[in-house]
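Colleague:
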């Protein structure tokens, strides 16, 4: 696990003091459908109701520093009754969005679903193009697809910072076709050693491709049993037993599916105790600001209102800050926006009011997860609170340009602050 730190050097009359600060926290959201909403004419607005010309710079200004993008193998091949037009991303189609994210200075998380449609604990179906392959052939196909996808991004000048090798794989991946004997035979359950080994081989193949093409990217293993600690613990113990190469434990947490915040709190404590060498990210979370979410199976502690959503976000951030190993928080489908469009969405728990386009208060609460970390914020050139121009110099005392990168010095109040 790479430890991303900021170096703070304070120059005083007495000499130099160096402080190593904690790892940076990442906050953002899955924003995979943004191009589709933009093309449909969706209007996003700030707190005052003013339309936002470009959403990504606005989110960066608000404090988000990372974005997640999902990909499917061949979504056009999926013909099930539950086919969803929102599960439409391919590696080729997301390249422009990924490029925008990186150009904005944000970290990029690439989420491989390894399916033609949504992959989740109840549905991990093998892509049509891989149907009929045995387990060894599937492992090779997974390696080839992952490798080629990352190479395609690389050719476009894009390197992911984080890679999910599977989406919510609590019970394995690449099951047989729905309703066939192979479906259950390929699921991974507690106590089924054969299926654990199968999943391990698939993850080794995917991880090998990641390490070869993007050696600096961190691999995320994503599960969603936060409300069932024994099942969650068993999954990552099996990963440990099989010596699966990965960096980050990725979790989904939705209170209406997984229970109250105390459930996540206990789950995080257990993971930190049992797997101290792994960092943890909540790679999916969310809460509705108006309507009940379809399929809800747990009572909730917050009303479905703007205030309720904001209070959930605040309490979530406060709780996560108490966990040293948690360094990532991503809101799912945050960009959903029906304002001025005819696009549909079954989930509808965004960070923008889909009836008006206006940003919701929960956005600032979520962004505070990064600003509350023990790190030096990004340097901003402009006016200070006294409307005086800030002065920045390099270590030789020469004024720096606004696009200066490296060590910068802010001369203020008799001190020089260096951030590298």
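Residue numbers (the numbering used here): 18 to 437. Backbone N, C-alpha and C fix where the C-beta goes; we use that ideal spot for every residue, glycine too. This one's a predicted model, so the numbers in the text were calculated from it and none came from an experiment.
(1) Please indicate yes or no: does the CB of residue 256 lie closer than 8 Å to some heavy atom of the ligand ADP?
(2) For residue 85, count the other beta carbons within 10 Å of its own beta carbon; 16 or more makes it buried, fewer makes it exposed. Which is it?
(3) Between residue 191 and residue 302, what straight-line distance do the alpha-carbon atoms span, to the nearest angstrom?
(4) Once the 5 residues before and after residue 63 are set aside, which same chain residues still bring their CB inside 8 Å of it?
(5) Is the separation between the beta-carbon of residue 266 and that of residue 297 shorter than 9 Å?
(6) Shortest alpha-carbon distance to residue 145 belongs to which of 250, 194 and 164?
(7) Under 8 Å Cβ to Cβ from residue 175, same chain only, skipping five residues before and after it: list those, please.
(8) Comparing alpha-carbon positions, which option in 94, 261, 346 and 356 lies nearest residue 216?
(9) Assuming residue 89 and residue 106 are in contact, meaning their beta carbons sit under 8 Å apart, how far apart are those beta carbons, in whole angstroms?
(10) Does DSSP classify residue 150 as helix, strand or coil?
(11) Run through the DSSP bridge pairs and tell me what residue 249 is partnered with.
(12) Which term fits residue 210, buried or exposed, when burial requires 16 or more other beta carbons within 10 angstroms of its beta carbon?
(13) State buried or exposed for residue 352, treating a residue as buried only when at least 16 other CB atoms are found within 10 Å of its CB.
(14) Helix, strand or coil for residue 124, going by three-state DSSP, please let me know.
(15) Does residue 89 come out as helix, strand or coil in the three-state DSSP assignment?
(16) Suppose you measure from the CA of residue 317 to the CA of residue 101; what does that come to, to the nearest Å?
(17) Along the chain, which unbroken stretches of the alpha helix (DSSP H) at least 4 residues long are found entirely within the segment 317 to 381?
(18) For residue 157, count the other beta carbons within 10 Å of its own beta carbon; 16 or more makes it buried, fewer makes it exposed. Which is it?
(19) Can you tell me whether DSSP reads residue 229 as helix, strand or coil?
(20) If you draw a straight line from the C-alpha of residue 229 to the C-alpha of residue 269, how long is it?
(21) Is the segment 233 to 251 in contact with the segment 271 to 289, if contact means three or more CB pairs nearer than 8 Å?
(22) Could you please give me the residues that DSSP links to residue 239 through a beta bridge?
(23) Across which residues does DSSP place residue 297 in a beta bridge pair?
Modeller: With the structure as the only source:
(1) This structure lacks the ligand ADP, and indeed carries no ligand of any kind.
(2) Residue 85 sits buried, since 16 or more C-beta atoms from the chains shown fall within 10 Å of its C-beta.
(3) Taking the straight line joining both Cα atoms gives about 24 Å.
(4) 69, 75, 375 and 376
(5) yes
(6) Proximity to residue 145 across 250, 194 and 164 peaks at 194, based on C-alpha coordinates.
(7) 112, 115, 116, 119 and 125
(8) 261
(9) With a Cβ gap of about 6 Å, residue 89 and residue 106 count as contacting.
(10) coil
(11) DSSP output for residue 249 lists no bridge partner at all.
(12) Answer is exposed; the Cβ neighbour count stays below 16.
(13) Burial call: buried.
(14) strand
(15) coil
(16) 27 Å
(17) 323 to 338
(18) Exposed, because fewer than 16 other Cβ atoms sit within 10 Å of the Cβ of residue 157.
(19) helix
(20) 27 Å
(21) yes
(22) 267
(23) 266 and 343
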